[in-house]
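Asker: Below are the structure tokens for one structure; questions will follow.
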Amino acid sequence: MKITYYGEECLYCDFENEITEHNSLLIIQFSEIIKHNILNVTINCGLTAILVLFDLSSSDPDCLIKQIQKLYTDNKLLLSDREKVIKRVPICYDPEFGLDQQRISEFTGLSVDELIQHHQQTEFFVYCYGGWPAAPRLGQTKVIAPGKLPIPRASSQPGLIGWCGQLNNWNPNRGIGGGWNLIGRSPLRILNDKKEQPFFFSPGDYIKFYPITKDEFFNFNQDCY
């Protein structure tokens, strides 16, 4: 693990690993160790790194670096896989929502039906929240989708699921655009600040999509979750 400054009040802990479920679990678990052992810091997990934010008026960054390095040395051999948590999530693959199904199909050589079947059979690992607040990065698919659209969309609807490469992205907010290839849309509200646990899932969880019709989409009951 390599620690560098990322601005005046942020440390970048780079694990220099490829993106895999195992490496992501190590990052998630080590971030929890930092939270429980170092006060007055904010932790954000990425795909291959951890950001440690602190207040320069009350924290010495050099001391923080030494603390983090010691925690890693003392605990890295204890880090292991955690219990697998799978959460089932509804998705509607209607072409109205899956605007780029044909683009993915032409790129992969698979039919749209084959793509959808592969998508709903995949157990998606939640790597982290990134890009936008409460926007999870999900992966990895065996099928490799094309890269982002040459011209990103200016806006989109909440719940749209995008697919680029082997990763999926969940757009939780109305109005946010982007260039991800859209495969479908989920009616599930994944962020609810009225609940004790506002996020429906956490980094390290798994998601399994199950198909619903357009009528089921518009009649979806959020209280079931």
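In terms of our numbering, the sequence shown is residues 317 to 541. Beta carbons: idealized from backbone N, C-alpha and C, even for Gly.
#1: Spatial neighbours of Leu465 within its chain, please: CB distance less than 6 Å, with the 5 preceding and 5 following residues excluded, ordered by chain position.
#2: How many angstroms separate the CA atom of Gln383 from the CA atom of Ile354?
#3: Could you work out which residue in Ile467, Leu483, Leu504, Asp509 is closest to Gly493 when comparing CA atoms only?
#4: Does the region 427–434 come into contact with the region 343–361, if we say contact requires no fewer than three beta-carbon pairs (one atom in each stretch) closer than 8 Å?
#5: In the DSSP output, which residue or residues are listed as bridge partners for Trp479?
#6: Just to confirm, is the Cβ distance from Pro462 to Arg419 under 8 Å?
#7: What does a CB cutoff of less than 8 Å around Lys351 pick up in its chain, not counting 5 residues either side in sequence?
#8: Alpha carbon to alpha carbon, how far is Cys408 from Val401?
#9: What is the C-beta distance between Tyr443 and Leu363, in whole angstroms, given that I count them as a contact (C-beta under 8 Å)?
#10: Please report the distance separating the alpha-carbon of Phe525 from that of Lys510.
Answerer: The relevant details are as follows:
#1: Gly495
#2: 8 Å
#3: Ile467
#4: no
#5: Asn484, Asn497
#6: yes
#7: Val357, Ile359
#8: 23 Å
#9: 5 Å
#10: 25 Å
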